[in-house]
Each structure stands twice: as structure tokens, then as C-alpha cells.
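Comments concern the structure below.
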Amino acid sequence: MAMDDSLPLAVTRLVKLLSMSLSKKLPLRAIFKVWRELGLPDNFEDSVISSNSDIFLLQDGNEPNTHFGFPPGMRLKKNFKAKVKEWQRLPYVGPYEELGWRK
1 MAMDDSLPLA
11 VTRLVKLLSM
21 SLSKKLPLRA
31 IFKVWRELGL
41 PDNFEDSVIS
51 SNSDIFLLQD
61 GNEPNTHFGF
71 PPGMRLKKNF
81 KAKVKEWQRL
91 PYVGPYEELG
101 WRK
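Note that the sequence shown covers residues 1 to 103 in the UniProt record's numbering.
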């Protein structure tokens, strides 16, 4: 009985957590890390998320791989580091500054 009384509170806490996310999405593994602190029940995935399918949606967690390395044949020239340092010494031009008087 007490568990049924706390379900609306658990739903509210989970909605607040999701609203803090820019994309309004969170991986389930992130919620598993803080479920105790949020006061969610042990079976929150079934009792809170699945039973409130009008509010929450579980999606496939496979994300496209965005981590990639350089191709094996790519060789950077030895003076590349010097060019980067030279580029870093250039004065900063803000996005709203006039460029007409700079050379």
C-alpha cells in the first residue's frame, strides 16, 4: 500500500530529472546510478516507467559510433605542431567584432 502511494512522487521526480536534460532523454544506465537518491522503487523500470507509457518511452539504446581514429595512412608533417602554436598566438577575434580594421 505504501509503495502505491509513493509512485506518483516517483513519477514526478523522474519527470523533473528528464526535464533537466536538454534533449529530454536520459540513458537508463544514468537513472540506475541515482535511483536510490531519487527515492525510486527497486523495480522502477517496470513499476514507474512501463506503467506510465503515456509519459515515458523506452527506446533502443544503440547509438551510432561517433568515435573514430585517423586513417592508417594519414601522416602529419613535422612542422604541424609549430603551425598550431603560431595559430594559437593570433589575436582572438570575437564573433561580434568588426573585422574591417584588422589585418
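No residue lacks a Cβ here, since even glycine has one placed at the ideal position from N, Cα and C. A quick note: this is a predicted structure, and the numbers were derived from the prediction, not measured.
Answer with buried or exposed for residue i, where buried requires no fewer than 16 other C-beta atoms within 10 angstroms of its C-beta.
| i | result |
| --- | --- |
| R13 | buried |
| I49 | buried |
| W35 | buried |
| F44 | buried |
Of the choices the options, whose alpha-carbon is the least far from that of residue i?
| i | options | result |
| --- | --- | --- |
| D60 | K25, S6, P41, W87 | K25 |
| P41 | V11, Y96, P91 | V11 |
Please tell me whether residue i has its Cβ less than 8 Å away from any Cβ of chain B.
| i | result |
| --- | --- |
| I49 | Structure shown: chain B not included; a single protein chain is present. |
From which residue to which residue does the alpha helix (DSSP H) around residue i run?
| i | result |
| --- | --- |
| W87 | 80-88 |
| I31 | 28-34 |
Given a cut-off of 8 Å, decide if residue j and residue i are closer than it, judged by their beta-carbon atoms.
| i | j | result |
| --- | --- | --- |
| L17 | L38 | yes |
| I55 | V15 | yes |
| L7 | S47 | yes |
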